[in-house]
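Residue numbers (our numbering): 731 to 1047.
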């Protein structure tokens, strides 16, 4: 593949992004829309919540969109016959009826365009605990994942969805195969507790992509990446990750290795720029605050458009 993929604007790729919105900072649609637009995608956003800022701050205010309100917005798009989408992107949701409405919309859009790709970050929890209500789990497992084409769970979410623990790379491959069997052709486990070959300052991420060859047989490419750890809590990185994986798998649809290298390298550049700036603002020896750790998205424009590859993927099968 060429190092500079063709502009997407000519293809008029359109993404429906159903995610949260914050007035101040970067999370949900604020994390996903700008980077996708930089890479040539048209992005239509539905804000699942409208908050003053993300909930990692001491205070936040705002409104939550109901399933009925989501339906009304979608109906408006449909009545004007402008509901042709190439991609749907979703992230954090707290409400089962809202999530079920998303599934209905995705299914309807797939009937209108069988080539539509649904990219889902199945946000359930991390490090052994759930941070969404328990009743969302069966909806993700039985309804959302089966209609998704690309999913980006962390290790905890991948284990929860499959009922299988990951303690070795072999386990991770089996879990990704189980997730494929549920529906998605592309699975990226964004972070895991597996030991890195580069030492304890790195996280291991794994990806798997299956293709159907012209003769009908299947092939699967699996990759492993060692990603530098950063000692800080960032919000909105999962939303940026899913958006970038959408973009780079569009450019490299049969080359998960390159798509992951580009995606993880964008993440690296944005996070490094953010942490450097946050430490500068906080001053020596002080931990940066949530406002100081807001992603430096606009400042990372060049890295988003053409990331220098700093994270290389190893093909493991």
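C-beta: ideal position from N, C-alpha, C; glycine also.
This structure is a prediction, so every number in the text was calculated from the model and none was measured.
Asked: Rounded C-alpha distance that separates residue 827 from residue 929; Found: 43 Å
Asked: Beta-carbon separation (whole angstroms), residue 813 vs residue 780, contact threshold 8 Å; Found: So it is not a contact: roughly 22 Å between Cβ atoms.
Asked: Identity of the residue in 833, 1028, 776 and 880 nearest residue 807 by Cα; Found: 776
Asked: Span separating the alpha-carbon of residue 766 from that of residue 1031; Found: 11 Å
Asked: Cβ pair residue 891, residue 866 closer than 8 Å; Found: no
Asked: Ordered list of alpha helix (DSSP H) runs contained in the region 882 to 964, each at least 4 residues; Found: 885 to 892 and 899 to 912
Asked: Buried versus exposed, by CB contacts within 10 Å (16 or more), residue 956; Found: buried
Asked: Opening and closing residue of the beta strand (DSSP E) in which residue 762 lies; Found: Residue 762 -> not in any beta strand (DSSP E); alpha helix (DSSP H) instead, spanning 759 to 768.
Asked: Three-state class that DSSP yields for residue 1005 in the structure shown; Found: helix
Asked: Cα-Cα separation, residue 974 to residue 855; Found: 21 Å
Asked: Under the three-state DSSP convention, the category residue 789 falls into; Found: coil
Asked: Continuous beta strand (DSSP E) assignments of at least 3 residues falling wholly in the region 770 to 852; Found: 772 to 781, 792 to 794, 817 to 820 and 847 to 850
Asked: Residues near residue 798 by beta carbon distance below 8 Å, same chain, minus five either side; Found: none
Asked: Presumed contact (8 Å Cβ cut-off) between residue 876 and residue 913, rounded CB distance; Found: 4 Å
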